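Residue numbers (full-length UniProt numbering): 1 to 799. Glycine is no exception: its CB is placed at the ideal position from the N, C-alpha and C atoms. Predicted model, so just to flag it, every value in this text is computed and none were measured. Take a look at the structure below.
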């Protein structure tokens with residue numbers, strides 16, 4: 001059994017590791033490795049029957065035109081063995097050959113070992129483990145990963161031998177890959193003999209099952225998970241309550257969520273609160289929660305929660321405080337939510353220190369631990385883990401970030417210093433081969449750091465305080481993997497659109513100025529943040545007329561040239577002067593587009609513009625309609641400027657971004673298996689918008705040349721509008737299809753035959769089930785004919 005980890009410098013390059021019999025000049029086994037992320041690989045081989053032969057372990061990388069490199073590490077070579085599984089007992093009549101522990105890393109890639117049962121055709125193999133010290137009459141959970149050979153079925157059950165009763169039984173017959181089952185059962189009265197049994201009931205000779213990753217324990221509540229789950233739910237509730245346009249559809253649900261959290265997720269934890277300093281509920285000290293004592297599943301019953309766990313809950317309390325504002329039913333509790341959230345944040349603040357590597361790395365970063373002793377109840381515990389890993393540190397930081405967002409405990413400088421732990425200490429300073437340290441206490445140093453660096457959720461929330469975080473996260477996403485929350489933050493803080501659209505964040509040097517915005521001709525006396533009246537959130541931008549135009553603006557640093565943009569905003573006037581939003585090109589001294597209004601109540605407005613060529617200084621400007629009379633106030637909120645395609649369902653729908661590894665291929669799109677690279681390319685010589693379009697050349701042989709995009713996440717049963725810009729040259733024509741790959745059905749088939757750019761449109765209804773995979777395909781109407789098809793600006797949006 002040989003295992004190793006391998007990667008290559010390009011995803012389309014591949015290396016090989018093999019066991020080579022030099023004596024017999026024959027390869028005994030080989031496995032390929034590829035991909036930019038480290039990946040574990042394993043092979044099983046049989047040694048020669050004769051001794052004295054020379055075997056070699058060889059790592060091979062074929063020559064490439066681009067000089068790609070392969071890396072291998074962490075080799076393990078050991079005999080394939082079938083042994084007794086510690087803690088498990090074979091039933092009478094079940095041989096070791098029929099039930100055993102296997103160290104086959106190919107079969108058990110997660111941890112190189114698992115349980116294997118093989119039916120001999122005569123008796124059903126059974127292996128079991130006794131469940132000791134269970135809590136009587138309690139709900140227990142069980143989970144396991146199972147896999148069966150084709151046609152076989154395995155069974156896991158909880159058997160009460162005392163009462164001759166099956167408390168729970170679960171079968172599995174999946175044969176493609178391991179599937180994890182999550183089940184539950186009720187325990188009986190005390191002192192029964194309970195068994196966890198695994199078997200192949202009524203099997204046939206050769207039927208085999210493999211099992212791994214058993215977990216069994218009493219159901220219990222965990223504060224950190226409640227905080228993590230409730231935080232986005234309460235964020236949704238607050239967003240709905242703040243926006244009257246959402247009330248009709250969502251307010252009832254938002255109130256139900258709020259009431260559920262307040263009624264069920266707060267006071268049950270009161271027995272485990274420990275006030276360290278000050279008075280509970282008075283917002284004048286420090287405090288935290290401890291782990292409930294008594295659960296056998298707890299790591300350290302009665303000990304202080306790790307920082308990430310109580311801060312995840314503190315984050316939820318801040319949002320619950322917001323969600324219950326004005327609700328008389330919870331008026332008495334709101335002070336407690338606020339006080340405990342701040343007490344926990346201050347408790348963590350007291351453990352944060354200057355990073356010991358600051359001097360050597362020329363920075364001012366912070367260091368904090370995973371777990372610290374916080375009170376006398378923590379003394380004497382056998383477990384004292386202090387190292388904070390990348391993933392848990394990100395969760396810890398979301399608590400600090402939430403406190404800062406509420407104006408509590410931490411300052412902007414603190415946010416910047418926390419972010420520099422990520423950018424200056426934990427990052428290797430490379431955007432082409434990025435590596436993030438798994439621990440916040442050191443720089444990257446081991447292979448495992450590169451394997452796990454995608455687990456950086458939470459850190460990307462520092463982008464507004466340190467833009468370098470975005471560059472690092474984007475680089476990691478390109479070469480490793482991209483968690484959904486990371487991708488969402490990258491999109492949120494993309495520099496092709498406005499940042500801080502709701503004016504919720506203030507400038508680091510001027511608390512009256514919204515972050516990322518600048519004043520032009522205006523001053524802090526005439527233009528600034530206000531919390532006295534907002535359309536959404538806590539703040540809006542207020543502008544009063546003066547002796548000159550009073551303007552607040554933001555530059556679109558990386559707008560997409562020649563591209564339609566949608567400008568949306570909410571505004572109102574308090575005096576006689578109306579308000580306007582404008583896109584202004586400072587390079588050409590021209591107004592790209594604008595809209596102005598006179599609403600006296602908050603109202604939403606929008607307009608579209610087409611951005612100029614690349615390299616212009618383009619800004620979104622907000623100001624009044626008239627210089628006079630002086631002192632007339634207007635306000636803006638929820639201001640957005642973004643590419644029109646950004647509102648659709650297709651990434652890189654304008655073909656503006658090339659793949660990192662293939663400059664002719666649009667990112668996120670894939671060529672068909674029969675499509676040569678030069679037949680499907682980005683073309684900057686012609687486009688309907690932006691910098692480039694997609695060019696698809698027919699092979700004129702009947703072989704379909706195609707470019708495709710996989711789409712998941714549609715709204716089941718929803719009606720969708722589809723449009724694209726296209727033109728053709730030749731008889732092959734052009735065709736856009738949307739195919740339901742799951743149902744093998746064509747939902748849209750829209751052709752184009754015009755020789756100049758033409759917009760084509762269609763509609764379709766998404767599948768009723770949520771889990772289908774849809775494919776957007778660009779191809780030719782007649783692949784047997786010669787011709788070229790250009791496509792651009794693909795728009796798919798709910799109708």
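Bounds of the beta strand (DSSP E) holding residue 738 are 734-740. Every beta strand (DSSP E) stretch that sits fully inside the region 14-46 and reaches 3 residues is listed by chain position as 14-21, 26-34, 39-43. Measuring C-alpha to C-alpha distances from residue 528 to each of 538, 726, 552 identifies 552 as the nearest.
Here the alpha carbons of residue 739 and residue 746 stand approximately 4 Å from one another. Taking a C-beta distance under 8 Å as the contact criterion, residue 437 and residue 449 qualify as a contact pair. Boundaries around residue 127 are those of the beta strand (DSSP E), 126-131, since no alpha helix (DSSP H) includes it.
In the DSSP assignment, the residues bridged to residue 711 are 774. The region 560-572 makes contact with the region 640-656: 3 or more CB pairs, one atom from each, lie closer than 8 Å. For residue 790, the three-state secondary structure derived from DSSP is strand. Close CB contacts of residue 392 within its chain, under the 7 Å cut and outside five residues either way in sequence, are with 308, 370 (chain order).
Note: residue 73 is bridge-paired with 5 in the DSSP secondary-structure output. Of 694, 603, 464, 491, the smallest CA-CA separation from residue 413 is found for 464. Of 661, 756, 765, the smallest CA-CA separation from residue 792 is found for 756. For residue 117, the enclosing beta strand (DSSP E) begins and ends at 114-118. Contact between residue 458 and residue 415 does not hold, since their C-beta atoms are separated by about 13 Å, which reaches or exceeds 8 Å. Residue 422 holds the alpha-carbon nearest to the alpha-carbon of residue 462 among 303, 427, 422. Here residue 679 is buried: its Cβ has 16 or more other Cβ atoms, across all protein chains shown, within 10 Å.
A contact between stretches requires three or more CB pairs, one per stretch, nearer than 8 Å, and the region 710-721 fails this requirement with the region 580-591. The beta strand (DSSP E) runs of length 3 or more contained entirely in the region 594-651 are, from start to end of the chain, 603-610, 618-624, 633-643.
According to the DSSP assignment, residue 568 belongs to the beta strand (DSSP E) that extends over 564-573. Here residue 665 has 659 as same chain residues with Cβ atoms under 6 Å from its own Cβ, once five neighbours each way along the sequence are excluded. The Cβ neighbour count for residue 547, taken over all protein chains shown within 10 Å, is under 16; the residue is labelled exposed. Between residue 19 and residue 125, the gap from beta carbon to beta carbon reaches 8 Å or more.
The continuous alpha helix (DSSP H) containing residue 361 extends over residues 358-361. Comparing alpha-carbon positions, the option among 238, 96, 744 lying closest to residue 320 turns out to be 238.
Under the DSSP assignment, residue 318 falls in the alpha helix (DSSP H) whose first and last residues are 307-323.
Per the coordinates, the alpha-carbon of residue 1 lies some 11 Å from the alpha-carbon of residue 102. In this structure, DSSP gives residue 507 a state outside helix and strand, which the three-state scheme calls coil. Residue 634 is not a Cβ neighbour of residue 569, given a cutoff of 8 Å. Distance between residue 378 and residue 355, taken at the CA atoms: about 25 Å.
In this structure residue 456 touches residue 476 by the C-beta definition: roughly 7 Å separates them, less than 8 Å. For residue 349, the enclosing alpha helix (DSSP H) covers residues 331-349.
Distance between residue 306 and residue 374, taken at the CA atoms: about 10 Å. If you look at residue 253, you'll find it in the alpha helix (DSSP H) that goes 247-264.
Residue 453 sits in coil when the DSSP states are folded into three classes, being neither helix nor strand. Around the beta carbon of residue 697, 16 or more other beta carbons lie within 10 angstroms, which makes this residue buried.
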